[in-house]
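Asks: Numbering (my numbering), first residue to last: 1 to 152.
We put the CB at the ideal spot given by N, CA and C, even for glycine.
Bear in mind that the values here come from a model prediction, so they are computed numbers and not experimental data.
Below is the structure I would like to discuss, written out as C-alpha cells.
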C-alpha cells in the first residue's frame, strides 16, 4: 500500500470534538507514568524502538500518546492496543523527553479495568490467579501427578 493510501485510510475516521474528553489528559497526568505525558513531541523514537510494534501494526505507542493528549478516552480504554505493550521499557529508556511510556500503558490498563474494559484472556488469567494461585490452568494429568510429587 502506498503511503498516501495509508494516510487516507487512517484519516477516514474523523475525530469529532463531541467524542473527546478534555479532562482525560489531566486525569492521566495524575497517575504514575502519566506525569511527563505533555512532554511528548511525537518524535517516534518509542514506535521505532518497540519490539511489539515491529511485529504488528496494531500497537503504535506514539499514536496512543497522541490520542491520550487529544482526550480520546473511550477509544483508548475500550481498544486492544494498550494491552499489547510488553513492558520491556525500551521506549522509556530511549525517549529523549523522559516520557514514561511503559508506565503510561500500565496506567491506561488500570483505568480501562476500572471502567469495565478488559480483554477476555486477561480476565481469565486474573480469575485463575485468584482461584488457584496460578495463572495457567493445570491439566488433569498434571493435577493427578501433583500429590505423587508432594505438591499442593
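1) May I ask you to check if the CB of residue 14 is nearer than 7 Å to at least one heavy atom of the ligand HEM?
2) State the CB to CB distance for the pair residue 36 and residue 99, rounded to an integer number of angstroms; the pair is presumed to be in contact (CB under 8 Å).
3) Am I right that residue 49 and residue 91 are in contact with their C-beta atoms under 8 Å? What's the rounded C-beta distance?
4) So residue 47 and residue 66 are supposed to be a Cβ contact under 8 Å. How far apart are they, rounded?
5) Rounded to whole angstroms, how far is the Cβ of residue 122 from the Cβ of residue 77, which I believe are closer than 8 Å?
6) For residue 32, which residues of its own chain have a beta-carbon under 7 Å away from its beta-carbon, when the five flanking residues on both sides are left out?
7) Rounded to the nearest angstrom, what separates residue 43 and residue 25 at their Cα positions?
8) Per DSSP, what kind of secondary structure is residue 51 in: helix, strand or coil?
Replies: Working from what's here:
1) The ligand content of the structure shown is nil, which means the ligand HEM is not present either.
2) 5 Å
3) 6 Å
4) In fact, because the Cβ distance is near 11 Å, the residues do not count as touching under 8 Å.
5) Residue 122 to residue 77, Cβ: 14 Å. No contact.
6) 103, 107
7) Computed Cα separation, rounded: 19 Å.
8) helix
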